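Heads up: the sequence shown at position 127 corresponds to 158 in the working numbering, and the numbers run straight through without jumps. The C-beta atom is built at its ideal place from N, Cα and C for all residues, glycine as well. Because the structure is a prediction, the values reported are computed rather than measured. Below is one structure; the comments refer to it alone.
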Amino acid sequence: MTRNAQPIYLDGFATMPLAPEARQAMLAAWSDPSNAGSPHILGERAAASVAAARATIAALIGASIAEIVFTSGATEANNLALIGIARWALEAKSARRRIVVSAVEHKAVLEPAFWLRNLGFEIVVAPVDSRGVIDCAALSTLVDEQTLLVSVMAANNETGVLQPMSDVAAICRRSGALIHCDGAQAVGKIPIDVVDLDLDYMSFSSHKMYGPAGVGGLYVSAAAPMPQPLHFGGGQQSGVRPGTEPVPLIIGFGAAARLACDRLDADAGHGSLLACRLLAKLDEYQVACRRITDDASILPGSLSLLVPGVEADDLVALLRATVCISTGSACTNGQVLPSHVLTAMSMDKLEASSVFRVYCGRYNTEAEIDLAATFIADACLRVRHRSGRPDQ
Ligand code: PLP
């Protein structure tokens, strides 16, 4: 690979490449000053563009236009859902003080949830099985008449595992608990209909679906309480999320959502074929790897692989200029901690240190996958030799 060659990008869990159509739509949008609240022709055009994007995004998830709140991304949407609903409950003098989250939620759910202990909420963590699928029997014992909100993600960002959202929603309904779903990894990649799934709230993110980073949103069902705002200002978006809308980003997001509507099946088929091809190639090169999600349903194109004896962080570092992949481990105070997702799946530290994640997306080609497999196989050998465990 030459010095300036682009590496093969297989890190779509972290962020997706920008769709050329979204880029094109934004390029045009950056040219005009655009404040959707301005009382002139440019303001009107900006407001119309925001409304069109909102309608496309609403259609993608089966929502109504009025049920979409734009945010800066899924982190903000998750915070708005959890903290905003907790504040609503306090103001409405609801006696419900329990919030249930799954053990494999993204930190953008876990952190605001744990912070809510400061406001007197009890946070309960629902377990998952060894594949990373939520244990619905356990969940139903944790959700009761004291439960305000349950937050479960649609698809996990380390494993790609899809959660049984309809079953989770049914459990919540039995006790009158509200349900929030972090849909950041799922929206735009698999069919999601918020009405069929019976969700009250769902977060989503543009850059996880080939749109620009810096914009996302929260679905708030018309039948559910409106979260209390986290910010205060000019009253945009009915005050629930004030601030001047980033019109070009929203236009790019809308373009990405339109593409997702059109290409959902084609993208899923393409991603799955590439993932199978990568596995077959690794097998051909005798890389002994195991899919940690076993027989669980996963996002098409996603792979979470364990290669015994290979430190995944070393593998990722060795491949950094040729193949972009990643692990879920986190470095805190100089210490590498196993991912909370893998720990929740009952993996020990050693196993967890050998897991990396791959996402084969819309723009990957078979030739790239074949080349990536040779790089990965070679890097696995080198990491093993370095660590003195060449035969594993
Ligand atoms: N939720 C999940 C499941 C994610 O994977 C991510 C991003 O990695 C987020 C939330 C945060 O999304 P954003 O980058 O839009 O804030």
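Less than 7 Å separating the Cβ of residue 262 from some heavy atom of ligand 1?
no
In this structure, how does DSSP classify residue 417 when only helix, strand and coil are distinguished?
helix
Looking at residue 416 and ligand 1, is the gap between the Cβ and the nearest heavy atom below 7 Å?
no
Please indicate yes or no: does the CB of residue 110 lie closer than 7 Å to some heavy atom of ligand 1?
no
Taking the beta strand (DSSP E) that residue 233 falls in, what are its first and last residues?
232–236
Comparing the CB of residue 184 with every heavy atom of ligand 1, is any distance shorter than 7 Å?
yes
Can you look up residue 163 in the DSSP assignment and give me helix, strand or coil?
coil
contact_flag[the segment 366–375, the segment 391–401] where n(CB pairs < 8 Å) is 3 or more:
no
Separation of residue 258 from residue 53, as counted between CA atoms:
30 Å
Buried/exposed call for residue 296, threshold 16 Cβ in 10 Å:
exposed
Where do the N-terminal and C-terminal ends of the beta strand (DSSP E) with residue 102 fall, by residue?
99–102
What does the alpha-carbon distance come out to for the pair residue 485 and residue 407?
Because the chain is modelled from 32 through 423, residue 485 falls outside the range shown and cannot be assessed.
The segment 295–312 touching the segment 163–170, judged by at least three CB pairs closer than 8 Å:
no
Report all residues for which the CB-ligand distance to some heavy atom of ligand 1 is below 5 Å; order them along the chain.
104, 105, 106, 137, 139, 188, 213, 215, 216, 236, 247
Closest to residue 386 by CA distance: which of 404, 152, 105, 189 is it?
189
Grab the span of the beta strand (DSSP E) containing residue 182 for me, first residue to last.
178–184
Which partner residues of residue 357 appear in the DSSP bridge assignment?
388
By DSSP, does residue 411 sit in helix, in strand, or in coil?
helix
Residue 96 burial status per 10 Å Cβ neighbour count (16 or more: buried)
exposed
Just verifying my parser: in three-state terms, what is the DSSP assignment at residue 212?
strand
Leaving aside the five residues before and after residue 8 along the sequence, list all residues of the same chain whose C-beta is less than 7 Å from its C-beta, in chain order.
Residue 8 cannot be examined here, being either before or after the span of the chain that is shown, 32 to 423.
Residue 142 - containing alpha helix (DSSP H), residue span
138–146
Which residues does DSSP list as the beta-bridge partners of residue 322?
336
What residues in its chain sit with their C-beta under 6 Å from that of residue 244, if we drop five residues either side in the sequence?
238
Residues of its chain near residue 36, where Cβ-Cβ distance is below 6 Å and the 5 sequence neighbours each way are ignored:
none
Quick one: grab the DSSP three-state call for residue 129.
strand
Compute the distance between the beta-carbons of residue 197 and residue 213, then report whether it is under 8 Å.
no
Limits of the unbroken alpha helix (DSSP H) element including residue 372
371–375
Taking a contact to mean a Cβ-Cβ separation below 8 Å, would you say residue 262 touches residue 247 in this structure?
no
Contact belief for residue 118 with residue 179 at Cβ below 8 Å, rounded distance in angstroms
Going by Cβ atoms, the distance from residue 118 to residue 179 rounds to 11 Å, so no, they are not a contact pair.
Suppose you measure from the CA of residue 309 to the CA of residue 332; what does that come to, to the nearest Å?
10 Å
Taking the alpha helix (DSSP H) that residue 295 falls in, what are its first and last residues?
278–315
Quick check on DSSP: helix, strand or coil for residue 151?
coil
Measure the C-alpha to C-alpha separation of residue 141 and residue 71 and round it to an integer number of angstroms.
43 Å
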